[in-house]
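Here's the structure, in structure tokens; my notes come after.
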Ligand SMILES: Nc1nc2c(c(=O)[nH]1)N[C@H]1C(S)=C(S)[C@@H](COP(=O)(O)OP(=O)(O)OC[C@H]3O[C@@H](n4cnc5c(=O)[nH]c(N)nc54)[C@H](O)[C@@H]3O)O[C@H]1N2
Ligand SMILES: Nc1nc2c(c(=O)[nH]1)N[C@H]1C(S)=C(S)[C@@H](COP(=O)(O)OP(=O)(O)OC[C@H]3O[C@@H](n4cnc5c(=O)[nH]c(N)nc54)[C@H](O)[C@@H]3O)O[C@H]1N2
Ligand SMILES: [Mo]
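In the numbering used here, the protein residues as written are 1045 to 1813.
Written as structure tokens, this is what we have:
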């Protein structure tokens, strides 16, 4: 069966052919980053509004950057600019003064909007009032908030089971909104709470819970500064977590050695010019990476096992010189089995599987040999693979051998994506809630929450496709474009009776809709949120478990926007009416009331309202950080896993889908990937020179990309071949353009995360030019 693009509006093939290529940059940031920030801000708003926003970004009395989840320094923050180029772009995107009112939606049909690229859609502006799409209509029309909630309630209450509704969350949602949302959904009667984390760090959560007893990282910023070695795997911080580069620079000054593991020589990982220092502005780069290991896609487990085996060989020569045997004895379980497994491995085979020379692997092992303070950082390059959970557990194995968990200067650092994705999970946004959480909700609120586990993202798509669910509600995000197998997801959403999006900006998920659809426009991070005459703040948890307040300071672009907490309360009141046991009206009056109850339900939030008002917030408890491992064995668990062999036919390639420098997930800020030297075109495929010539292609050829799995053919058309430094048989494209190629059933074992970093493709010359 073939799914040739039935509907170009899902993935418009806007191929400009005007690509401009230059050599990849040798260092990240510096003055250009500051100039690009200013340009993005000024394109969206006047300078006064722009400065007002930037002056409060990531300040202790300001708002949390709507970009990534990298933590803010606990101590001194730079007076004007605790942000980065991409944080400034995120603010520009949200705080734009362009707005979309009823006239815009009257002029533009859904079909015509569908022909625009994601970049063009995003540039239109903020949605300024609630909009409704009637059954069979071609245009969205205005609707009052009251009527919008009545429609949602009518649909939800007409379902034959609450499990026929799906409630998605993206990771910008505040703690307060997330807590209320899960409470509403559970009182309504389902655990169908998929979230973007299912596609993101779910594998880290599963791996770390099994290995160390907590699904979050263990380090603080101080640990990075104190570490002796930092290993960074599958992460591109120069683009996705630029402020991490400042932290690495500081660590570097303290003498840390950095090992980077990536199929691409990512600019920011290699060198950094800090725009907040004089040296950086004068283009004096700090050399960050000491050893760059250019692994094959998914070569990480083999690499890690090879390093561990080399360390074992040294340990056996001089017992006690390499491993932390006391830590292993007292704090871990499964060591013997792990060592036995290592002993059976062959270094040459591992080196081939990793795609890294034995010589380089030895260099890495040497760097670790006598070190006991090691931090491992990783992101999507590890999590979005079939064997992601085992690969991450392999990272932990290495740390455990060295006693590098639960002490200063050492530990795990899964670098989170969305600014509050970690907090949303802490608040109970999870399709597989713990019994403890459900019991507490019952005890505090007096209703019986559902016990049956709900759908995650992949299961939610399948349920809608199979017509087992028919109402889809999204608290933020862009479900259609962020999820795999775009054609299947489109069918799934179109099967619904109602799709509802609580959104700041217009996106493709508003255009691929259920029989009826609603867009509910909400306040963003930078917006002033006033309830009953009093300015409110919300709270977020960053990648290192610090909970902080976030208080917007900009005048909202329209009087018709509601805050996310208010939207949830009103949706709950309309839907549940007098059968609810929750004081929704009360929560809406002042967010302190929400936090008072979060404190009762969620562990670690004692004295929440007071502590969060303390500048810089507070740290949540973290067992692994303190050396307490709440696992099934009560100890940190070693894990035994076998390296996957990837067999490819001669014309098959592994494709990873990555972010360019000019996007935040499905929001496309611009068309340039400056650090990689690719300008004005996103439909590109990065290939090794040898692969290009062996395939009978040339750079700049236009090709179609094909995935055939499960007896289905998936095609995306018109991508430009770009020669790049990437291992043989490995290719890279940008997400979301190639999401139609990611099979829905290709998921990570145990975490069910789509394998967006390894899609097997064929490449053929495009016939339609
Ligand atoms: N500006 C900006 N900031 C962002 C985002 C954004 O889109 N834009 N997104 C946010 C979100 S939600 C997230 S989750 C993070 C994502 O942050 P990242 O994980 O850094 O994002 P990706 O572009 O997916 O990059 C994955 C990196 O892994 C490498 N990689 C791919 N496959 C493999 C592999 O098999 N092994 C190894 N070792 N490396 C591999 C790629 O070459 C790339 O460098 O960033 C967050 N911050
Ligand atoms: N192929 C491939 N697919 C991937 C990935 C990949 O690497 N490769 N990465 C995956 C990852 S890591 C993630 S996290 C997901 C992201 O999946 P999502 O979180 O669903 O997608 P985003 O693009 O971050 O969502 C952007 C939309 O959120 C809305 N929004 C922005 N701010 C706010 C706000 O404050 N409140 C509300 N209510 N709405 C807001 C805007 O309307 C905007 O259009 O994508 C995943 N998909
Ligand atoms: Mo993410």
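Glycine is no exception: its CB is placed at the ideal position from the N, C-alpha and C atoms.
- Excluding sequence positions up to five before and after residue 1793, its CB lies within less than 7 angstroms of the CB of 1430, 1431, 1433, all in the same chain and listed in chain order.
- For residue 1628, the enclosing alpha helix (DSSP H) starts and ends at 1628 to 1633.
- In terms of CA proximity to residue 1808, 1762 leads the group 1762, 1176, 1796.
- Contiguous alpha helix (DSSP H) elements confined to the stretch 1704 to 1791 occur at 1733 to 1738, taking only those with 4 or more residues.
- Selection around ligand 3 by beta-carbon proximity, strictly under 5 angstroms to any non-hydrogen atom, yields 1244, 1461 in chain order.
- For the set 1586, 1588, 1581, the Cα lying nearest the Cα of residue 1596 is the one of 1581.
- Per DSSP, residue 1274 is not a residue of any alpha helix (DSSP H); the beta strand (DSSP E) it occupies stretches across 1273 to 1277.
- Fully contained in the stretch 1329 to 1379 are the following beta strand (DSSP E) runs of length 3 or more, in chain order: 1335 to 1337.
- For residue 1393, the enclosing alpha helix (DSSP H) begins and ends at 1391 to 1398.
- Here residue 1614 carries a helix assignment [DSSP, helix/strand/coil].
- Within the same chain, 1242, 1243, 1246, 1247, 1427, 1428, 1432, 1791 come within 7 angstroms of residue 1797 by CB-CB distance, once the 5 residues on both sides are set aside.
- In the same chain as residue 1574, and ignoring 5 residues on each side of it, the C-beta atoms closer than 8 angstroms to its own belong to 1580, in chain order.
- CA-CA distance, residue 1474 to residue 1543, rounds to 20 angstroms.
- Taking the Cβ atoms as the reference, residue 1377 lies roughly 46 angstroms from residue 1069, outside the contact range of under 8 angstroms.
- Counting other Cβ atoms within 10 Å of its Cβ, residue 1503 reaches 16 or more and is therefore classed as buried.
- Secondary structure of residue 1456 (DSSP, three-state): strand.
- When DSSP states are grouped into helix, strand and coil, residue 1168 belongs to the coil group.
- Residue 1278 places its beta carbon 7 angstroms or farther from that of residue 1340.
- Rounded to whole angstroms, the separation of the alpha carbons of residue 1646 and residue 1481 is 8 angstroms.
- Distances from the CB of residue 1421 to the heavy atoms of ligand 1 are all 6 angstroms or more.
- When DSSP reads this structure, residue 1175 sits in a beta bridge with 1186, 1563.
- Rounded to the nearest whole angstrom, the C-alpha separation of residue 1371 and residue 1447 is 6 angstroms.
- Sequence-distant partners of residue 1744 (beyond 5 residues in either direction) whose C-beta falls short of 7 angstroms from its own C-beta, in its chain, are 1764, 1765.
- Residue 1508 carries a helical assignment under DSSP once its states are collapsed to helix, strand and coil.
- About 34 angstroms separates the beta carbons of residue 1511 and residue 1170, which is beyond the 8 angstroms limit, so they are not a contact pair.
- Within the chosen limit of 6 angstroms, ligand 1 does not reach the beta carbon of residue 1443 with any heavy atom.
- Per DSSP, residue 1418 is not a residue of any alpha helix (DSSP H); the beta strand (DSSP E) it occupies stretches across 1418 to 1422.
- In the structure shown, residue 1539 falls within a coil segment according to DSSP collapsed to helix, strand and coil.
- With a cut-off of 6 angstroms, the C-beta of residue 1540 is classified as distant from ligand 2, since no heavy atom of the ligand falls inside that distance.
- Under DSSP, residue 1606 shares a beta bridge with 1566.
- Exclusion of residue 1232 from the 6 angstroms shell around ligand 2 follows from its C-beta lying no nearer than that to any non-hydrogen atom of the ligand.
- By the CB criterion at 7 angstroms, residue 1286 and residue 1161 fall outside the cutoff.
- The stretch 1704 to 1720 and the stretch 1521 to 1534 touch, with three or more beta-carbon pairs separated by less than 8 angstroms.
- Apart from the 5 residues on each side of it in sequence, residue 1207 sits with its Cβ closer than 7 angstroms to the Cβ of 1234, 1236 in its chain, given in chain order.
- Residue 1806 and residue 1168 have their C-alpha atoms spaced approximately 35 angstroms apart.
- Residue state for residue 1201 is assigned as helix, using DSSP reduced to three classes.
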